[in-house]
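In the working numbering, the protein residues as written are 1 to 55.
This is the structure in structure tokens:
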């Protein structure tokens, strides 16, 4: 993953995610790629702060 190659381990890191819906100006998160990215980061030990004003 790009994050690990750039920063090393994400374990114990705080990461901000801006945008969670699958497309702009919607509250729909079904099949959003953000779900998979966030799940991976959490499984690797990161703490996430997610912001999406529409969701």
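Where a beta carbon is used, it is the ideal one built from N, C-alpha and C, also for glycine.
In chain order, what residues of the same chain lie with their CB nearer than 8 Å to the CB of residue 42, ignoring the 5 residues before and after it?
Excluding sequence neighbours, residue 42 sits near 48.
Rounded to whole angstroms, what is the Cα-Cα separation between residue 3 and residue 51?
When only Cα atoms are considered, residue 3 and residue 51 end up about 19 Å apart.
Determine whether the beta carbon atoms of residue 29 and residue 10 lie at a separation below 8 Å.
No; because the gap between Cβ atoms is not below 8 Å, this pair is not in contact.
With a CB to CB cut of under 7 Å and the five nearest residues on each side skipped, what residues in its chain are close to residue 44?
Cβ within range, chain order: 10 and 11.
Taking C-beta to C-beta, are residue 21 and residue 32 nearer than 8 Å?
Their beta carbons are under 8 Å apart, which means residue 21 touches residue 32 by this criterion.
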